[in-house]
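Numbering (this note's numbering), first residue to last: 9 to 108.
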């Protein structure tokens, strides 16, 4: 990915909920934004491994070789101090892209 000095570089941090796809796609397609990387937390809506997999798959849909070079990093599997994870059935639905 070539750096463009005129673009704003951002790092996306997401729990990969349904609305997050829209936000990520908006940033990825915006001409003034360069996405430097995407981090996925496993303590929100999705479980960690499916979340990373889902984001990586989403990047392939853009049909852009530069999008495939964007690093997708694994965050924490669980909260560090207390449990604020979503209910299990909601997380399972998010893991499966809400059957979209």
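All residues carry an ideal CB built from backbone N, CA and C; glycine is no exception.
Please read all numbers here as calculations on a predicted model, not as lab measurements.
### Task
Return the Cβ separation of residue 41 and residue 16 in integer angstroms, given the expectation that the two are a contact with Cβ distance under 8 Å.
6 Å
### Task
Taking all protein chains shown into account, decide if residue 14 is buried (16 or more other Cβ within 10 angstroms of its Cβ) or exposed.
exposed
### Query
Beta carbon of residue 83, beta carbon of residue 48: below 7 Å?
yes
### Task
Return the first residue and the last residue of the alpha helix (DSSP H) that residue 100 is part of.
96 to 103
### Query
Hey, quick one: how far does the beta strand (DSSP E) through residue 44 stretch, first residue to last?
41 to 48
### Message
Assuming residue 81 is part of the beta strand (DSSP E), what are its boundary residues?
### Response
80 to 82
### Task
Could you please give me the residues that DSSP links to residue 22 through a beta bridge?
48
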